[in-house]
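Those protein sequence lines, which keep their order, are chains B and G.
Mind the numbering: the first sequence is residues 1 to 346 in this note's numbering, read in order.
Mind the numbering: the second sequence is residues 347 to 692 in this note's numbering, read in order.
Even for Gly, the Cβ is constructed at its ideal location relative to N, Cα and C.
There are 2 protein chains.
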Amino acid sequence: MAIETIIWEKNSIKIIDQSQLPLKLEYLYLKEIDQVREAITSLKIRGAPALGIAAALGIVVGIQSSSAQNWPDFREELQKTVNFLRSSRPTAVNLFWALERMIRRAEENNERPIPEIKRILQEEALKILEEDKICNRRIGQKGAALISDGDTVLTHCNAGALATADYGTALGILYRAKEEKKKIRVYVDETRPLLQGARLTAWELLQEGFKVTLICDHMAGAVMQEGKIDKILVGADRVAANGDTANKIGTYTLAVLAREHHIPFYVACPFSTVDLSIPGGEKISLEKRSPDEITQINGKRIAPKGVEVYNPAFDITPAKYITAIITEKGIHRPPFIKTLRGKEGK
Amino acid sequence: MAIETIIWEKNSIKIIDQSQLPLKLEYLYLKEIDQVREAITSLKIRGAPALGIAAALGIVVGIQSSSAQNWPDFREELQKTVNFLRSSRPTAVNLFWALERMIRRAEENNERPIPEIKRILQEEALKILEEDKICNRRIGQKGAALISDGDTVLTHCNAGALATADYGTALGILYRAKEEKKKIRVYVDETRPLLQGARLTAWELLQEGFKVTLICDHMAGAVMQEGKIDKILVGADRVAANGDTANKIGTYTLAVLAREHHIPFYVACPFSTVDLSIPGGEKISLEKRSPDEITQINGKRIAPKGVEVYNPAFDITPAKYITAIITEKGIHRPPFIKTLRGKEGK
């Protein structure tokens, strides 16, 4: 995969500025914690796994200039940095998971000199990044078994290379299936309001030589009715213990349509997206974003003044609509409450 | 209603240029048949009932400068004008219905002098316009019985004043319910790609003092899941004898979601939209529009080059998803094959 969504380079986080795609492929070097947080809130970097990596590397950026001389002072600075990043986006659990892992790693080493703790934290962040790559490959490998030669797959938003450190979760499965010489057509819905489907997914799939058909989000019903879609494959921002899945707004609409048309509906994510501490989807905090995202396009207003706007960034797809959840551990099928917990999927 | 979507003024068709709304309220005077057809194909005027009126008045514009001295010559010119307008948009039956009515009227009077036939055709076109107003009011009156005080109604695209000569079909019902002092909140989906919901429906509902909440199309599932929607109300471009309904793309997706959430799904249209010559929806011709409508917004490209696009303008909602069809004749309930044919609804 030639796409470098997020890497560590020159003591800074190098990312693709995804808000510029597909018109411009521009890289940003984030050297300050403020830049990291801004890149996250403005969706220059997005996607649950990539957010985990950005958070971990964000800690490294945040504490690298720390002048703390002892553990209590350093711990305080670390906690401030964690809190600052933690408040950036509420839904993707990978962000919290990565931050907690970084704190734990620091605490395990709290008797070491501060420069060494800094080095250990940098190693840990890079380990999270490397693990994500391996994880992507495993998800791809496990999930590709579900894709048949000649399939047409519908996907939503972007769960690809641009959402991870490697080749993606949902799209990783398609990349792997293609490596296995399966011919696949992909329908991509544009994913309003921020058009991650049209801008990001269409772009990266075309880079990799896929046949891509772009539709508007609400055309999904019509294309399923017309028999065009064999499978639906999406990512996840958080999966509850019972399999209820928070993902980009519009996922639930697709899941209902899939069931109506007897089309398998698959969710792909690293196991770090599964939040076993949450029993069901109703407990997942769902981010609401600015009305401007809907009322303006490219800075130009499209809706009349005075209109109220409801702009949730995510929705919950209840487990009953999901055919299987694919993680690096395997293909988890219902009842998810069993297959996600402890036991490996088959 | 203060909105003059389409009127006859100064020997020309005066329309609101809907491609400019909501940023600019600009009127156009169409004096040439080419202008009329262009206004239709570019959606400066749109909505099934308004298209019928535009077609009828388009004939008047088209034949007013005719120098034909006898019926055969005039008939030929008339037919040319009809054919030119007939090829503008394929789905809304009202356009064909109005053109045929105009031809019939001319033929009934083929022994009169040409200037008198021209005058009769103008009268007929204005009669179609006036009838639409009466029809709107009747649909509003019949349909308002289905709306309860305190309801939150979701609508799609624009089936309002901007789609008709008066106050609309689906929205006419809401206007009437409001006149009856019922408090109503309206959720409007933006209706990609051309944003008729965000641009037109939100605008006209705000003009009339409604509380309006704008959402992206694929948020419909989430807002229904959250219990926010009591009823769904849409227009129609063509209704087959069995009740299958062609309407703006995305309608079918809403209908499936409505059934999943046990929400009544109503279609409102003049009876001229019912095409009893077509047994079922599979026989309705569905317009496909330009990829540019999806890949560009405000003239700026948003999708990568090389992507294929599927851009149907309409979809078919099978009758089984429709709770009732409201026309000026009444509320037609299933089985529509009976209630649409001959017998009045209750």
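So with Cβ pairs under 7 Å, would you call residue i a contact of chain B?
i: G/ASN644; result: yes
i: G/ALA665; result: no
i: G/PRO368; result: yes
i: G/PRO436; result: no
i: G/ALA548; result: yes
i: G/ALA348; result: no
i: G/GLU690; result: Its pLDDT being 46, under 50, G/GLU690 is placed unreliably in this model, and the coordinates cannot settle the point.
i: G/MET448; result: no
Can you confirm whether residue i, when its beta carbon is compared against all beta carbons of chain G, has any partner nearer than 7 Å?
i: B/ALA222; result: yes
i: B/THR213; result: yes
i: B/GLU208; result: no
i: B/GLU308; result: yes
i: B/ALA161; result: no
i: B/ILE322; result: no
i: B/LEU194; result: no
i: B/CYS157; result: no
i: B/ILE302; result: yes
i: B/ASP315; result: yes
i: B/ALA198; result: yes
i: B/ASP217; result: yes
Throw me the rounded Cβ distance for the residue i and residue j pair, which I believe falls under 8 Å.
i: G/THR498; j: G/TYR533; result: 6 Å
i: G/ALA601; j: G/PHE611; result: 5 Å
i: B/THR201; j: B/THR253; result: Wrong, their Cβ atoms sit about 17 Å apart, outside the cutoff.
i: G/ALA665; j: G/ARG679; result: That pair is no contact at about 11 Å.
i: G/LYS390; j: G/SER365; result: 5 Å
i: B/ALA258; j: B/TYR321; result: 7 Å
i: B/LYS283; j: B/ALA240; result: 7 Å
i: B/LYS10; j: B/TYR27; result: 11 Å between Cβ atoms; not a contact.
i: G/MET565; j: B/ILE249; result: 6 Å
i: G/GLY408; j: G/ILE362; result: In fact, because the Cβ distance is near 21 Å, the residues do not count as touching under 8 Å.
i: B/ARG89; j: B/GLU287; result: 6 Å
So, with DSSP's three-state summary, where would you put residue i?
i: G/ILE609; result: coil
i: B/ALA177; result: helix
i: B/SER12; result: strand
i: B/PRO318; result: coil
i: G/ALA444; result: helix
i: G/THR673; result: strand
i: B/ALA268; result: strand
i: B/LYS346; result: Its pLDDT being 41, under 50, B/LYS346 is placed unreliably by the model, and nothing is read from it.
i: B/PRO312; result: strand
i: G/VAL653; result: coil
i: B/LEU30; result: strand
i: B/GLN20; result: coil
i: G/ARG383; result: helix
i: G/ARG432; result: helix
i: G/ILE648; result: coil
i: B/ILE337; result: helix
i: B/ILE7; result: strand
i: B/ILE117; result: helix
i: G/ILE643; result: strand
Notebook entry, point to check: Name the residues in the segment 246–263 of chain B whose C-beta lies less than 7 Å from a C-beta of chain G; which are they?
Noted result: Residues of the segment 246–263 of chain B with a Cβ closer than 7 Å to any Cβ of chain G, in chain order: ILE249, GLY250, TYR252, THR253, VAL256, LEU257, GLU260.
Check: Unbroken alpha helix (DSSP H) runs of length 4 or more, entirely within the segment 476–537 of chain G: which are they?
Finding: As far as the segment 476–537 of chain G is concerned, its whole alpha helix (DSSP H) runs of at least 4 residues are 516–525.
Item checked: Uninterrupted beta strand (DSSP E) stretches inside the segment 188–258 of chain B (no shorter than 3 residues) -> 211–215, 231–234, 238–240, 245–248
Check: Can you give, in chain order, each stretch of the alpha helix (DSSP H) that sits fully within the segment 43–78 of chain B and has at least 4 residues?
Finding: 48–63
Next item on the list: Note down, in chain order, all residues in the segment 225–242 of chain B with a beta-carbon under 7 Å from any beta-carbon belonging to chain G.
Entry: GLN225
Margin query: Tell me which residues of the segment 261–294 of chain B have at least one Cβ-Cβ distance to chain G shorter than 7 Å, keeping chain order.
Written below: ILE294
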